[in-house]
């Protein structure tokens, strides 16, 4: 925190978070601060804990020690006394403050594109169906799918499904958006349309943490890049610094070299 | 001969009504109990999962006839005296509940984990996730085996005649006892059971089609 250039507390404050799956430690004392409006990209080899970290932020996964705060509020555990998991109701309310977009889209197949977006608005935000529909149509328009409001997910391409996935997350008005390898399951020609949506959200000032293998996009769109290796933060800094070929972090250099080699 | 049978029809109709009544009670009770226990099996804490697992495996390993006699003749030994009708309903319900648990586990288990996670991520509570995301999708997979189970319940209800309850089966036997017309009466009984179950299968197929738009 001493390196923070402002006095405004971070929107997302991850402090010393550790987690093990059985004997395998997947997160080792990870700390990470994200300021309002920042776009932070997490890169690293598979198994480095990137996705697990993201899933801890909205408590899809619990963690063994440390603290994760959004806007000053502890995410998964009660603030007082012993470390105690929040109630189901509290957890649901906390999760509604973070949006998440998944690698495999995870749209609800029995609901239309608009229905997917409206579910959280009506059941969690308490909007009327008419209000929710208006909001859903607004966000579908934003992701270029106004004409697909009444299509079922199975009738949409992968890129369109993922754009609905993004619209579903942002329509809830989250404080922070988590993007978990959202283009990894897409055909290459569909990646661009999804990244374009993310870019426009970034321009609007949406705070985002994304895990991605799209290095070019990470370089252009993020304010900071975090490199994770073996469950810990191995390097962090502005894109130009992290993605420089001559970095003196050996693990990062190997990762980037291997990455470049495999993407030609 | 036909006149004798025609004369017995109101009596048979009473038996048929009782068959339907027993079936309906068993189907409704087992659906409620089975869904609750099935949710416990899939989502509950480990001790609850174990309890449901043991219940389901035990019940499904016992012949239904043994279960009926156990409830009627066995339970009085521990102070639980049930009238024959309710003993029969309880035994059939236990049997059916164990099956509903398995249908539910199969149907809910077939929904990808990502569906629950996406529902969590937008802030739905556990009950909301079940009601709006999991059950609507699981329904299509739950329905065929369940309707099959309902037809089994209608057929299985004939066993209550063994406790002296005058259902369709028992009514037929009594009329045969008076008229000695076994063949036509059993054919008539078979046709009635068949008509009920065939109608159920038709309804099931129609419902399945209605929900076939859900693709993963």
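Residue numbers (our numbering), protein chains in the order written: chain A, 83 to 346; chain B, 1141 to 1356.
For every residue, glycine included, the Cβ atom is placed at its ideal position computed from N, Cα and C.
This one's a predicted model, so the numbers in the text were calculated from it and none came from an experiment.
Cross-strand partners of residue i (DSSP beta bridge)
i                      : result
residue 156 of chain A : A:151
residue 306 of chain A : A:122
residue 97 of chain A  : A:149
residue 314 of chain A : A:311
residue 262 of chain A : A:293
CB contact check: residue i to chain A, cutoff 8 Å
i                       : result
residue 1266 of chain B : yes
residue 1348 of chain B : no
residue 1284 of chain B : no
residue 1094 of chain B : As displayed, chain B neither begins before 1141 nor continues past 1356, which places residue 1094 of chain B out of reach and without an answer.
residue 1356 of chain B : Its pLDDT being 49, under 50, residue 1356 of chain B is placed unreliably in this model, and the value from its coordinates should be taken loosely. Yes, residue 1356 of chain B lies at the interface with chain A (some Cβ there is under 8 Å from its Cβ).
residue 1208 of chain B : no
DSSP three-state assignment for residue i, whether helix, strand or coil
i                       : result
residue 366 of chain A  : Within the shown structure, residues of chain A are numbered from 83 to 346, placing residue 366 of chain A beyond reach of any answer.
residue 166 of chain A  : coil
residue 257 of chain A  : coil
residue 319 of chain A  : strand
residue 110 of chain A  : strand
residue 103 of chain A  : strand
residue 185 of chain A  : coil
residue 180 of chain A  : strand
residue 294 of chain A  : coil
residue 1356 of chain B : Residue placement at residue 1356 of chain B is flagged as unreliable, the pLDDT there being 49, under the threshold of 50; the coordinate-derived value follows with that caveat. Reduced to three states, the DSSP call for residue 1356 of chain B is coil.
residue 1307 of chain B : coil
residue 273 of chain A  : helix
residue 348 of chain A  : Because chain A here runs from 83 to 346, residue 348 of chain A falls outside it and cannot be looked at.
residue 116 of chain A  : strand
residue 1292 of chain B : helix
residue 1197 of chain B : helix
residue 220 of chain A  : helix
residue 1344 of chain B : helix
residue 278 of chain A  : helix
residue 1251 of chain B : coil
residue 334 of chain A  : helix
residue 140 of chain A  : coil
residue 1155 of chain B : helix
residue 1176 of chain B : helix
residue 83 of chain A   : For residue 83 of chain A, the pLDDT reaches just 44, beneath the cut-off of 50, and the residue's location in the model is therefore unreliable, although a value from the coordinates is still provided. Residue state, collapsed to three classes: coil.
residue 1185 of chain B : coil
residue 192 of chain A  : coil
residue 1265 of chain B : coil
Short CB-CB distance (under 8 Å) between residue i and chain B
i                      : result
residue 192 of chain A : yes
residue 118 of chain A : no
residue 170 of chain A : yes
residue 184 of chain A : yes
residue 175 of chain A : yes
residue 292 of chain A : no
residue 245 of chain A : no
residue 254 of chain A : yes
residue 267 of chain A : no
residue 333 of chain A : no
residue 178 of chain A : yes
residue 167 of chain A : no
Count Cβ pairs between the stretch 1173 to 1192 of chain B and the stretch 1241 to 1260 of chain B that sit closer than 8 Å; are there 3 or more?
yes
Contact residues within the stretch 194 to 220 of chain A, judged by C-beta distance below 7 Å to chain B:
201, 202, 205 and 206
Taking only beta carbons into account, state which residues of the stretch 1243 to 1264 of chain B come closer than 7 Å to chain A, listed in chain order.
1254, 1255, 1257, 1258, 1260, 1261, 1262, 1263 and 1264
I'd like to know if the stretch 153 to 166 of chain A and the stretch 334 to 346 of chain A are in contact, where contact means that at least 3 CB-CB pairs between them fall below 8 Å.
With a cut-off of 8 Å, the stretch 334 to 346 of chain A and the stretch 153 to 166 of chain A do not count as touching, because too few Cβ pairs lie within range.
Could you name the residues of the stretch 1267 to 1282 of chain B whose beta carbon sits closer than 8 Å to any beta carbon of chain A, in the order they occur along the chain?
1268, 1272, 1273, 1276 and 1277
Residues in the stretch 126 to 151 of chain A having any Cβ partner in chain B nearer than 8 Å:
140 and 142
Residues within the stretch 292 to 306 of chain A neighbouring chain B, beta-carbon criterion of under 9 Å:
none
Closer than 9 Å, Cβ to Cβ, to anything on chain B: give me those residues from the stretch 226 to 250 of chain A, in chain order.
234, 235, 236, 247 and 250
Are the stretch 228 to 241 of chain A and the stretch 173 to 186 of chain A in contact at 8 Å, needing three or more beta carbon pairs?
In the pairwise beta carbon analysis, the stretch 228 to 241 of chain A is classified as not touching the stretch 173 to 186 of chain A: fewer than three pairs are separated by under 8 Å.
Does the stretch 1201 to 1212 of chain B come close enough to the stretch 1276 to 1285 of chain B to have 3 or more Cβ pairs within less than 8 Å?
no
Are the stretch 247 to 265 of chain A and the stretch 280 to 288 of chain A touching, with three or more C-beta to C-beta distances below 8 Å?
Yes, the stretch 247 to 265 of chain A touches the stretch 280 to 288 of chain A.
Whether or not the stretch 171 to 178 of chain A and the stretch 1247 to 1266 of chain B are in contact is what I'm after, with contact meaning three or more pairs of Cβ atoms, one per stretch, closer than 8 Å; do they touch?
yes
Cβ pair count under 8 Å reaching 3, the stretch 135 to 143 of chain A against the stretch 100 to 112 of chain A:
yes
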